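Q:
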Amino acid sequence: MESKKIQIPMLATRGITVFPKMIIHFDVGRQNSIQAIENAMINDEKILLVSQKDAKIDDPKVDELYDFGTVASIKQILKISDSTMRVLVEGEHRASITSYEDEEEYFLVNAKMYIEEESDVEELSNSTTALLRVASELFEKYSKLNPRVTKENIYSILGIESPGPVADLMIANIPLSVYEKQQILEELDEEKRLYKTIEILRREIEILSIQKDINSQVRKNIDKSQKEFYLREQLKIIQDELGEKDGVRGEIEAYKEKLKKIKPPKEVEEKINKELDRLLRTSPASPESGVIRTYVDNVLALPWTKSTEENDDMEKAEKILNEDHYGLTKIKERILEYLAVRVLSPQVSSPIICLVGPPGVGKTSIGSSIARATGRNYVRLSLGGVRDEAEIRGHRRTYIGSMPGRFIQSLSQAESNNPLILLDEIDKMSNDFRGDPAAALLEILDSEQNHSFRDHYIELPVDLSNVLFIATANSTANIPGPLLDRMEIIEVSSYTEPEKIEIAKQYLIPKQLKKHGMKKAQLKINEERLQIIIRGYTKESGVRKLERIIASLCRKVAKRLIETGRKSFTVTEKNIEELLGIPRYHYEAKSVEPQIGVVRGLAWTSVGGDTLSVEVNTMEGTGKLQLTGQLGDVMKESAKAAMSYIRSKAAELGVDPNFYKNTDIHIHIPEGAVPKDGPSAGITMASAMISALTEKPIKNDIAMTGEITLRGRVLPIGGLKEKILAAKRAGIVKVIIPQENKKDVSELEDNVTEGIEIIYAKDMTTVLEHIFANDQEV
Ligand code: ADP
């Protein structure tokens, strides 16, 4: 490369590096710079442009300047103000400073100028051509990423076929640090210069494309949030137009207000806030927002901190219990005991009482009365037919239409966290493939676990430990064992007729009169008439039907009073039928006189006790045993057992020993409509058969119940109270019952056994001693 020594004024540029062939204008304000230009103009309009190492320095010293620059020719000067001028220059040749001639007024330097000649295309080596192509490709790519490179620049650069100038112009178009540009400027080897340029291009392309990615990502985010903002604003306007003042936000505010008022445990508050945040983020029209709302409503409806003041005044409690129910002394006592314990140690966990007894004896209604007496809110939760665990524990929220379980629902219904929950018909629960509801119930009733019961839907621990649970059941037989173990069973038995009369007089009639807006004096009914009603129109252990009949009586009487204008109405034997219709039930009365082959048994059904007569006919035949009258299997077995007994004792009993060969026996139990089953008619059937076979009449005022074994032993039976009451109702004066039931009789109230003689039988011999009409009493 050719070089030339020159003396030339020098100008320090700040932040720009001028390359040969580059045309650029810049403003000059520094005094010594202006002087340098003026001097240059006097000579040949050439000036050496050298970069300051640090652009911030106003008055750079020699060592603060690079010593390599570009000789440029000044093309134009424009005076902008007194102290500033704008110059347009075109870079020509590289030059390195060899010495400073003057640095006082302005810089005047001696330099070596390098004159680079444009190479001949033909002479380019393959490697140079390759470098040129790579550089062009990259520069094109670069200029696509950097829109500041103008098209003209691109074409003019791509048109050059010389590596040095190409590198210079490309670098001039890339924003780089002064230092980096200086490196290129100082590179005299053209190929090396181009090579360095390619490296820089590569790096810059990489940086630019990353930058672009970042930018587009950011823009996307901004676009999205802008879009959302815009849509929300629109929604607000729509909601305003529709009169839904504050839309979702308002709703959330309202929920938050409610939350503040309720002051639930922290965990609950956090959960609700989380859900509300979610609500804000979901579109109000989406099904999800409905699900969230329902959930929040359900959680907020729970009585987290609300409780009622419990009553610890025993006298008041006793008064309330007596006010509502007649009798039921055992339950009332138990409740008062519970209250007493509670007063002494409030922390004690509540017992789970289970009231067991036939329908209509007041199990449910005493529940609400206990709630009143103990100062608790009352909720009835019917478990009859519950077969799915989810009904107890709720469905997870992922299910469509999921709901909290029954206990959580009951608790919200109760509106306090210490209510009395009556678990009605706990024995009617069943289980199937959907899980065992009894197991879930166990957890709820367990005082160790129920202070943090988790419902699948609510997903938050709920304290059930302050709830007083009372369960009801018709019989303990169907209550799962583990559940039964947890509960304290209190039996509620059927009412006797006198009790029913008292309940009607003291409770049911006043209650129904009040309900029908009538006064006590307007309906006159005495005990005898009540008895007629009880006997003819009801057949039940409890008083549910009786209450309904009394209600209907009240309605009819009210109508009569208005029609006739009279002040009061007296129920008489005659007008009962007019008012209530023909009596539905006729209790079997005792037979008028002793009969052969007819014996009265005592039966127990779900509606109470009843008597049933067993009839036996014998006839010549081949020893067949026929049974008719809707008998169950157990009863048929009993008949066969009785038959065996008779055959084995034929001689002793005075029966023809060959009766099983020449006699057919037909046993019939009338009132066939009611299916009968159970072993307790055993001794009755045996007695009737013996009577028929020996043709000895049986007393008409005796009745019996007991299971028979093959050898004639008499085994105990259940439902004693109901059976004795039924016997009395039928006018029976003497009943035979198994010896082993003696202890049950001792537990009966006196008025049940009053007026009836009870004979305890260990075996058939004792039975037979008492039943025949013509025998002398022993
Ligand atoms: P259960 O739950 O045992 O089937 P309910 O509680 O439904 O019986 O009772 C039926 C009706 O009989 C209720 O109106 C109840 O008030 C009334 N009742 C039952 N027993 C008594 C009683 N001892 N004193 C007053 N009313 C009673």
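Reminder that position 145 of the sequence shown reads as 500 in our numbering, one-by-one numbering, no gaps. Backbone N, C-alpha and C fix where the C-beta goes; we use that ideal spot for every residue, glycine too. Remember, it's a predicted structure, so these values are computed and weren't measured experimentally.
Which residue wins for smallest C-alpha separation from Asn394, given the options Lys376, Thr368, Pro364, Glu970?
A: Measuring from the Cα of Asn394, the nearest candidate turns out to be Pro364.
Q: Mapping the DSSP letters down to three states, classify His1125 as helix, strand or coil.
A: Here His1125 sits in helix by DSSP.
Q: The beta strand (DSSP E) with Ile1114 in it runs from where to where?
A: From DSSP, the beta strand (DSSP E) with Ile1114 extends over 1112-1116.
Q: Using a Cβ-Cβ cutoff of less than 7 Å, which residues in the same chain neighbour Leu839 once the five nearest sequence positions on both sides are dropped?
A: Thr831.
Q: What does the alpha-carbon distance come out to for the pair Ile1114 and Ile1091?
A: Distance between the alpha carbons of Ile1114 and Ile1091: 5 Å.
Q: So what does DSSP say about Asn576, is it helix, strand or coil?
A: DSSP places Asn576 in helix when its eight states are reduced to three.
Q: Report, in whole angstroms, the separation of the C-beta atoms of Lys613 and Thr660, which I expect to be a contact under 8 Å.
A: Wrong, their Cβ atoms sit about 13 Å apart, outside the cutoff.
Q: Using a Cβ-based criterion (distance less than 7 Å to any ligand heavy atom), does Thr827 qualify as near the ligand ADP?
A: Because some heavy atom of the ligand ADP lies under 7 Å away, the Cβ of Thr827 counts as near it: yes.
Q: In or out: Pro375 buried (at least 16 other Cβ within 10 Å) or exposed?
A: That one is buried.
Q: Could you give the residue range of the alpha helix (DSSP H) that holds Glu622?
A: Residues 621-636.
Q: Which residue from Gly712, Asn666, Val711, Pro713 puts its Cα closest to that of Leu691?
A: It is Asn666.
Q: Does the count of Cβ pairs from the region 515-525 and the region 471-487 closer than 8 Å reach three?
A: Counting Cβ pairs under 8 Å, three or more are found: they touch.
Q: Where does Glu445 sit, in a helix, a strand or coil, going by DSSP?
A: Three-state result, Glu445: strand.
Q: Is Ser716 near the ligand ADP, in the sense that its beta carbon is under 7 Å from a heavy atom of that ligand?
A: The sequence given here has Val at residue 716, not Ser. Checking every heavy atom of the ligand ADP against the Cβ of Val716, one is found closer than 7 Å.
Q: First and last residue of the alpha helix (DSSP H) that includes Val989?
A: Val989 -> alpha helix (DSSP H) spans 988-1003.
Q: Determine contact between the region 735-744 and the region 692-704, defined as no fewer than three beta-carbon pairs at a distance below 8 Å.
A: No contact exists between the region 735-744 and the region 692-704.
Q: Check whether the Cβ of Val898 sits closer than 7 Å to any heavy atom of the ligand ADP, and report yes or no.
A: Yes; taking the cut-off as 7 Å, the Cβ of Val898 has a heavy atom of the ligand ADP nearer than that.
Q: DSSP three-state call for Tyr534: helix, strand or coil?
A: Helix, per DSSP.
Q: Would Ala1116 be called buried (16 or more neighbouring beta carbons within 10 Å of its own) or exposed?
A: Answer is buried; the Cβ neighbour count reaches 16.
Q: For Gly712, verify whether its CB is less than 7 Å away from any heavy atom of the ligand ADP.
A: Yes, the Cβ of Gly712 comes within 7 Å of a heavy atom of the ligand ADP.
Q: Would a check of beta-carbon distances place Ile747 closer than 8 Å to chain C?
A: Of the protein chains in the structure, only one exists, and it is not chain C.
Q: What does the Cβ neighbour count give for Thr684, buried or exposed, with the cut at 16 atoms within 10 Å?
A: Counting Cβ neighbours within 10 Å, Thr684 comes out exposed, since fewer than 16 surround it.
Q: Taking the alpha-carbon of Asp779 as reference, which of Arg557, Pro713, Lys855, Asn772 has the nearest alpha-carbon?
A: Looking at the Cα atoms, Pro713 is the closest of the given residues.
Q: Quick check on the DSSP output: what are the complete alpha helix (DSSP H) runs of length 4 or more inside the region 1052-1113, in order along the chain?
A: DSSP runs (the alpha helix (DSSP H)) wholly in the region 1052-1113: 1075-1084, 1097-1101, 1105-1108.
Q: Report yes if the C-beta distance between Leu901 and Leu934 is below 8 Å; otherwise report no.
A: No, they are not a contact pair.
Q: Shorter than 7 Å, the distance from the beta carbon of His680 to the closest heavy atom of the ligand ADP, or not?
A: Under cutoff, so the answer is yes.
Q: Distance check for Glu357 and Glu478, CA to CA, integer angstroms please.
A: Approximately 18 Å, taken between the alpha carbons.
Q: Does any heavy atom of the ligand ADP sit closer than 7 Å to the C-beta of Thr719?
A: Yes - the ligand ADP has a heavy atom lying nearer than 7 Å to the Cβ of Thr719.
Q: Out of Glu843, Gly956, Arg884, which has the shortest C-alpha to C-alpha gap to Glu1077?
A: If we check each option's Cα against that of Glu1077, Gly956 comes out closest.
Q: To the nearest angstrom, report how far apart Thr1060 and Ile1072 are at their CA atoms.
A: Between Thr1060 and Ile1072, the C-alpha separation is close to 7 Å.
Q: Less than 8 Å between the beta carbons of Val711 and Val898, yes or no?
A: Result no, Cβ atoms of Val711 and Val898 do not sit closer than 8 Å.
Q: Confirm the yes/no value for this check: CB of Tyr733, any heavy atom of the ligand ADP, distance under 7 Å.
A: No, the ligand ADP has no heavy atom inside 7 Å of this Cβ.
Q: Once you ignore the five residues that flank Asn528 on each side, which residues in its own chain have a CB closer than 7 Å to its CB?
A: If we look at Asn528 and ignore the five residues flanking it on each side, its Cβ neighbours are Val504, Asn508.
Q: Can you tell me the Cβ-Cβ gap for Gly717 and Arg735, rounded? I've got them flagged as a contact below 8 Å.
A: No, Gly717 and Arg735 are not in contact; Cβ-Cβ is about 14 Å, not under 8 Å.
Q: Going along the chain, which residues of its own chain have a beta-carbon closer than 8 Å to the beta-carbon of Asp413, five neighbours each way excluded?
A: Here the set comprises Arg385.
Q: Within a Cβ cutoff of 6 Å, which residues of the same chain sit near Ser1046, ignoring the five residues on either side of it in sequence?
A: Excluding residues within five positions, the ones whose Cβ falls inside 6 Å are Ile951, Gly952, Ile1053.
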